[in-house]
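Student: Let me begin by handing over the structure; questions about it come next.
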Amino acid sequence: MLALTRKVGERIVIGDDIVVTIVGVKGDSIRITVDAPKEVKIYRGEIYDAIAAENKQAAAPSDLSELDNLKGLRLKK
Amino acid sequence: MKIKSTRFGQLDVEEGQILHFPNGIPGFLDEKDFVHIPHEVGSPFSFLQSTTEANLSFLLVEPFAFINDYEFVLEDKVAKELELSQENPPQVFLIATVKEKVTDMTVNLLAPLIMNGVKRIGRQVILDKPEYSIRHKLIPEATSPTEIAKGGL
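Chains as they are written, first to last, in our numbering: chain A, 12 to 88; chain B, 23 to 175.
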């Protein structure tokens with residue numbers, strides 16, 4: 012893993028087509044911009060973590076004996 | 023091939039029925055093979071059972087049966103990875119979380135499962151839609167048990 016220090020206005024270039032720019036620092040918040048090709052997925056780390064956590068919740072054993080009552084449920088169009 | 027499932031007991035599944043998730047599922051990255059099990063004919067629910075972990079099964083919901091304007095653009099990269107095409111259109115499912123009552127279940131709108139039912143591959147995608155909740159209540163609070171029994175929302 013690479014760790015480096017940047018100043019406001021400085022950039023990090025990743026590969027040929029990703030540029031990360033530090034635009035500002037305010038207290039413990041850092042504002043950055045990421046320039047990357049459209050097909051590169053970028054999300055905040057906590058979104059991925061939240062989805063993994065929700066999947067774990069979803070996989071926890073639950074009582075689905077009443078699911079049969081809902082099988083005909085549909086949105087009214 | 024025999025599969026052990028806590029929810030369904032022992033299942034006998036043809037190799038061709040296995041669904042591959044080459045990237046695993048966030049939280050379960052080592053689980054790559056699942057079986058998709060329908061609930062009942064006409065039901066918007068189904069299950070995804072791991073082939074290796076008896077305890078691991080997800081309840082899935084067909085979004086379009088419940089959520090009026092659920093929509094997103096599938097990235098070309100994902101469509102290509104899942105070998106989707108006009109002949110092999112994507113199947114979309116939401117993972118449901120049931121904590122106590124089934125009627126209180128929530129679904130993850132932000133990260134649907136996209137599957138190619140013909141090529142038997144799938145993945146969970148994270149949409150670029152901050153307005154979509156990870157815990158969307160499937161059945162609105164105001165829906166009465168009578169309405170549920172009648173099958174309307």
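By construction, the Cβ of each residue, glycine as well, lies at the ideal position given by its N, Cα and C atoms. Remember, it's a predicted structure, so these values are computed and weren't measured experimentally.
Would you mind reading off the limits of the beta strand (DSSP E) that contains A/GLY35?
Tutor: Taking the first sequence and counting its residues from 1, the one referred to as residue 35 of chain A is at position 24. Taken as a continuous stretch (DSSP letters only), the beta strand (DSSP E) holding A/GLY35 covers 29–37.
Student: Could you confirm whether any beta carbon from chain A is found closer than 7 Å to the beta carbon of B/PRO48?
Tutor: For the purposes of this step, residue 48 of chain B is taken as the residue at position 26 of the second sequence. It does; some Cβ of chain A falls within 7 Å.
Student: Return the residue from the list B/LYS121, B/PRO112 and B/ILE59 that minimises the CA-CA distance to B/PHE94.
Tutor: Working through the second sequence from its first residue, we reach residue 94 of chain B at position 72. Answer by Cα proximity: B/PRO112.
Student: Out of A/ILE23, A/TYR59 and A/LYS67, state which residue places its alpha-carbon closest to the alpha-carbon of A/ALA47.
Tutor: As a first step, residue 47 of chain A must be located in the first sequence, where it is residue number 36. Ranking the options by Cα distance to A/ALA47, first place goes to A/ILE23.
Student: Is the CB of B/SER65 under 7 Å away from at least one CB in chain A?
Tutor: Walking along the second sequence from the start, residue 65 of chain B turns up at place 43. So, interface residue.
Student: Is the segment 150–159 of chain B touching the segment 48–67 of chain A, taking contact as three or more C-beta pairs under 8 Å?
Tutor: yes
Student: Below 8 Å between beta carbons is the criterion; list the residues of the segment 19–36 of chain A that meet it against any residue of chain B, in chain order.
Tutor: Here the close residues number zero.
Student: Apply the 10 Å Cβ neighbour rule to B/ASN77 and answer buried if 16 or more other Cβ atoms are within range, or exposed otherwise.
Tutor: Mapped onto the second sequence, residue 77 of chain B falls at position 55. That one is exposed.
Student: Return the Cβ separation of B/ILE143 and B/HIS42 in integer angstroms, given the expectation that the two are a contact with Cβ distance under 8 Å.
Tutor: As a working note, residue 143 of chain B is residue 121 in the second sequence. As a working note, residue 42 of chain B is residue 20 in the second sequence. Going by Cβ atoms, the distance from B/ILE143 to B/HIS42 rounds to 5 Å, so yes, they are a contact pair.
Student: Quick one: is the Cβ of B/PRO48 within less than 6 Å of any heavy atom of the ligand ADP?
Tutor: Looking at this structure, you won't find the ligand ADP or any other ligand, since it has none at all.
Student: In this structure, does DSSP put B/PHE86 in helix, strand or coil?
Tutor: The residue you call residue 86 of chain B lines up with position 64 of the second sequence. In this structure, B/PHE86 counts as helix in the three-state DSSP scheme.
Student: Shorter than 7 Å from the beta carbon of B/THR73 to some beta carbon of chain A?
Tutor: Here residue 73 of chain B refers to the residue found at position 51 when the second sequence is read from its first residue. Taking Cβ atoms only, chain A never reaches closer than 7 Å to B/THR73, which makes this a no.
Student: What residues from chain B crowd round A/LEU75, counting only those whose CB sits closer than 7 Å?
Tutor: Taking the first sequence and counting its residues from 1, one reaches residue 75 of chain A at position 64. The contacting residues are LEU81, VAL120 and VAL124.
Student: For B/MET137, which beta-bridge partners are listed by DSSP?
Tutor: Start at 1 with the first residue of the second sequence, and residue 137 of chain B comes out as number 115. Paired residue(s): B/GLN113 and B/GLY144.
Student: Drop a sphere of 10 angstroms on the beta-carbon of A/ALA71, count the other beta-carbons inside from all chains shown, and report buried for 16 or more, exposed for fewer.
Tutor: Walking along the first sequence from the start, residue 71 of chain A turns up at place 60. A/ALA71 is exposed by the Cβ-count criterion.
Student: Which residue marks the beginning of the beta strand (DSSP E) containing B/GLY31, and which one marks its end?
Tutor: Indexing the second sequence from 1 puts residue 31 of chain B at position 9. That run of the beta strand (DSSP E) goes 31–34.
Student: Run through DSSP, which three-state label would B/ASP52 get?
Tutor: As a position in the second sequence, residue 52 of chain B is number 30, starting the count at 1. Coil, per DSSP.
Student: Is the beta carbon of A/VAL31 closer than 7 Å to that of A/ILE41?
Tutor: Locating residue 41 of chain A in the first sequence gives position 30, counting from the first residue. Locating residue 31 of chain A in the first sequence gives position 20, counting from the first residue. Taking 7 Å as the Cβ cut-off, A/ILE41 and A/VAL31 do not qualify as a contacting pair.
Student: At a Cβ cut of 9 Å, what residues of the segment 85–107 of chain B count as close to chain A, listed as they run along the chain?
Tutor: PHE86, ALA87, PHE88, ILE89, ASN90, GLU97, ASP98 and LYS99
Student: For B/ALA118, which beta-bridge partners are listed by DSSP?
Tutor: Looking up residue 118 of chain B in the second sequence gives position 96. B/LEU81 and B/VAL129.
Student: For B/GLN108, does the three-state DSSP call read helix, strand or coil?
Tutor: For the purposes of this step, residue 108 of chain B is identified with residue 86 of the second sequence, where counting begins at 1. If DSSP states are grouped into helix, strand and coil, B/GLN108 belongs with coil.
Student: Spell out a yes or no on whether the segment 71–83 of chain A and the segment 65–74 of chain B are touching, meaning 3 or more CB-CB pairs, one atom from each, closer than 8 Å.
Tutor: With contact defined as three or more Cβ pairs closer than 8 Å, the segment 71–83 of chain A and the segment 65–74 of chain B are in contact.
Student: In its own chain, which residues sit with a C-beta less than 6 Å from the C-beta of A/VAL45, not counting the 5 before and 5 after it?
Tutor: For the purposes of this step, residue 45 of chain A is taken as residue 34 along the first sequence, with counting starting at 1. Same-chain partners within the cutoff: VAL31 and ILE53.
Student: Within 7 Å of any Cβ in chain A, is that where the Cβ of B/ALA133 sits?
Tutor: To locate residue 133 of chain B, count along the second sequence from 1; it is residue 111. Answer yes: the Cβ-Cβ gap between B/ALA133 and chain A drops below 7 Å somewhere.
Student: Taking the alpha helix (DSSP H) that A/ASP74 belongs to, which residues open and close that run?
Tutor: Looking up residue 74 of chain A in the first sequence gives position 63. Premise fails: A/ASP74 is in no alpha helix (DSSP H) and is neither H nor E.
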